[in-house]
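Residues in the sequence shown are numbered consecutively from 25, following the working numbering. Heads up, the thing below is written out as structure tokens.
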Amino acid sequence: MDNDDIKQIMTYKPIPAGQLRLIKALWDTNNTGLSFSRLAQTTHGDGDEVCASLGSLDERVREVIDRPVSVPSHFVIERTGDGCYFLTEEVMQFIENTPSLKGALDSSQQEMFDLQGEVAWQFVWDEDKQSGNLQKFAR
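Structure (structure tokens):
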């Protein structure tokens, strides 16, 4: 996986609330990792919601990567042998090098991306795919 692949995966369309929920939770730990149950607890959801968000992340990767991949979401979030989830180093670097996304993750609260509210936030890329911002939407 190279940085161009990660940039394409991350920027080809807005990052929806569910995927942001996972990315934000892992980002906030300084990427020290979260178990599946802790990831579900941190994202204010349950195991089904985490699985659904990982599934939508799989679809995001499949839509961009033009080759067979066994677990597409592992390009963004990897799972270690002991069951902990981490952002990949490439994604960590992408976030660090994308001030608008980094600022959005640093300034937002996890609750902004929860499924339970009437409104949620997604990260919408500017036309140039170099920056973007959080945008609220009604459910």
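Think of the CB as a built atom: it goes at the ideal place given N, C-alpha and C, for glycine as much as any other residue.
DSSP, reduced to helix, strand and coil, places residue 160 within a strand of the structure shown. Boundaries of the beta strand (DSSP E) around residue 147: 143-149. C-alpha of residue 96 to C-alpha of residue 85: approximately 6 Å in a straight line. For residue 110, the uninterrupted beta strand (DSSP E) run begins and ends at 108-111, by DSSP.
Spatial neighbours of residue 64 in its own chain (CB-CB distance under 6 Å, excluding positions within 5 residues in sequence) are listed in chain order as 70, 71, 74.
In this structure residue 153 is exposed. Its beta-carbon is surrounded by fewer than 16 other beta-carbon atoms within 10 angstroms. Rounded to the nearest angstrom, the gap between the Cα atoms of residue 101 and residue 150 is 24 Å.
Shown here, residue 58 sits in a strand according to DSSP, grouped into three states. A direct Cα-to-Cα measurement between residue 59 and residue 155 gives close to 31 Å. For residue 119, DSSP assigns no beta-bridge partner whatsoever. Partner residues in the beta bridge of residue 102, as assigned by DSSP, are 110. Spatial neighbours of residue 42 in its own chain (CB-CB distance under 8 Å, excluding positions within 5 residues in sequence) are listed in chain order as 73, 76, 77, 80, 137, 139. Taking C-alpha positions only, residue 107 is separated from residue 117 by approximately 23 Å. Residue 33 places its beta carbon 8 Å or farther from that of residue 93.
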